[in-house]
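In UniProt numbering, the protein residues as written are 1 to 336.
Structure record follows, encoded as structure tokens.
The following block contains the structure:
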């Protein structure tokens, strides 16, 4: 990985609040556009229709964000991913004055008393960070009463769950917002469609991130509908670009793609990891935020953009003062 992708993120470049709290529309955040070997260009997200062509297809994630954090006196429980057997993957975190930090405690079989007289039982560690656990009641209904959106220390206060939903959010299940699509508005969607740019959904429910240390992605639930697979294949056959709105969409589409790039309807659990070595088969563009140094997401971005071009873009983003994280600025990567 180039030195440009192994950088230190200055604290001043973290977006501490939604752009609406700064008096901006959602689609007024900045948009950097990378096109192959060309120098990055700078726009606002509302300029997106002019950066694409009729016949291009944007694939979005329609997963809605759950209020997945439940706060106890000293700990917080972040509900990550529902398992087929009714258990959930959860992360235990120690509460701090600003938000929370990793907590290494817990024992298999331990019972944690939860608000509302609920009980969470730890079963076993799934990863060094995540526990497989069971709550003694329906999790999504419980979170609707006792949960808050997951928030890390760079966001300085709680925001309502609506701040963590995209305009495409219709299927509840994500622990954290599929944030690449946050800047879309109904008006922008209308402008894209009017220009002849298609929009199609997939579903991938995101688990909890690891802001303190990089980890490889783990299995997540996804679905690529038949209609979306058909539209992706039609765009490719017609010479259009397939632009994923977020790394979650790349993961779902590449899971559903054959060796020739043709996408089939599919669903279930994906463990697929996109790397520069494996490359991408179906996706030719990506709308994404700006990612932490050394994160696994940067490997996916490198698979689409190439390491030199991506390093150049990140140097430019740092120089221009772009904002990182879910409430920050955006990056459109096009292979052509």
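Don't be surprised by glycine CBs; every beta carbon is placed ideally from N, CA and C.
All of these numbers come straight from a predicted model, not from anything done at the bench.
Does the Cβ-Cβ distance between residue i and residue j come in under 8 Å?
i: residue 292; j: residue 92; result: no
i: residue 15; j: residue 324; result: yes
i: residue 33; j: residue 332; result: yes
i: residue 147; j: residue 67; result: yes
i: residue 209; j: residue 176; result: yes
i: residue 13; j: residue 322; result: yes
i: residue 100; j: residue 206; result: no
i: residue 329; j: residue 290; result: yes
i: residue 267; j: residue 222; result: yes
i: residue 310; j: residue 35; result: no
i: residue 336; j: residue 284; result: yes
i: residue 49; j: residue 271; result: no
i: residue 72; j: residue 132; result: no
i: residue 238; j: residue 109; result: no
i: residue 116; j: residue 139; result: no
i: residue 6; j: residue 294; result: yes
Within the same chain, show all residues whose beta-carbon is closer than 6 Å to that of residue i, passing over the 5 residues directly before and after it, in chain order.
i: residue 245; result: 58, 60, 180, 181 and 287
i: residue 1; result: Here the model assigns residue 1 a pLDDT of 49, short of 50, so the residue's position is not dependable and the matter cannot be decided.
i: residue 326; result: 177 and 179
i: residue 166; result: 181 and 182
i: residue 153; result: 98 and 99
Spatial neighbours of residue i within its chain, please: C-beta separation below 8 Å, excluding the five flanking residues on both sides.
i: residue 232; result: 57, 59, 200, 242, 253, 263 and 282
i: residue 193; result: 199
i: residue 119; result: 111, 112, 113, 135 and 136
i: residue 17; result: 155, 156, 157, 159 and 327
i: residue 20; result: 26 and 163
Could you give the first and the last residue of the continuous alpha helix (DSSP H) run that contains residue i?
i: residue 81; result: Unbroken run through residue 81 is the beta strand (DSSP E), 75-82; no alpha helix (DSSP H).
i: residue 146; result: 139-146
i: residue 187; result: 186-194
Quick one: measure Cβ to Cβ for residue i and residue j, integer angstroms, because I've assumed they're closer than 8 Å.
i: residue 122; j: residue 79; result: Going by Cβ atoms, the distance from residue 122 to residue 79 rounds to 13 Å, so no, they are not a contact pair.
i: residue 204; j: residue 226; result: About 17 Å; that fails the 8 Å criterion.
i: residue 303; j: residue 280; result: 5 Å
i: residue 228; j: residue 202; result: 6 Å
Following the continuous beta strand (DSSP E) through residue i, name the residue where it begins and the one where it ends.
i: residue 226; result: Residue 226 -> not in any beta strand (DSSP E); alpha helix (DSSP H) instead, spanning 226-237.
i: residue 198; result: 198-204
i: residue 336; result: Looking at the DSSP string, residue 336 is not in any beta strand (DSSP E), and its letter there is neither H nor E.
i: residue 172; result: 171-174
i: residue 124; result: 118-125
i: residue 167; result: Premise fails: residue 167 is in no beta strand (DSSP E) and is neither H nor E.
i: residue 134; result: 130-135
Please work out which residues of its chain come closer than 7 Å, Cβ to Cβ, to residue i, disregarding the five sequence neighbours upstream and downstream, and give them in chain order.
i: residue 248; result: 61, 178, 204 and 206
i: residue 103; result: 75, 92, 93 and 94
#### Entry: Contained beta strand (DSSP E) runs [length at least 3] in the region 243-315, N- to C-terminal order
266-270 and 285-288
### Task
Pick out the complete alpha helix (DSSP H) segments inside the region 31-110, 4 residues or longer, and give them in chain order.
Runs of the alpha helix (DSSP H) inside the region 31-110: 48-51.
### Task
Kindly provide the ranges of any beta strand (DSSP E) runs that are 3 or more residues long and lie completely inside the region 5-30, ordered along the chain.
none
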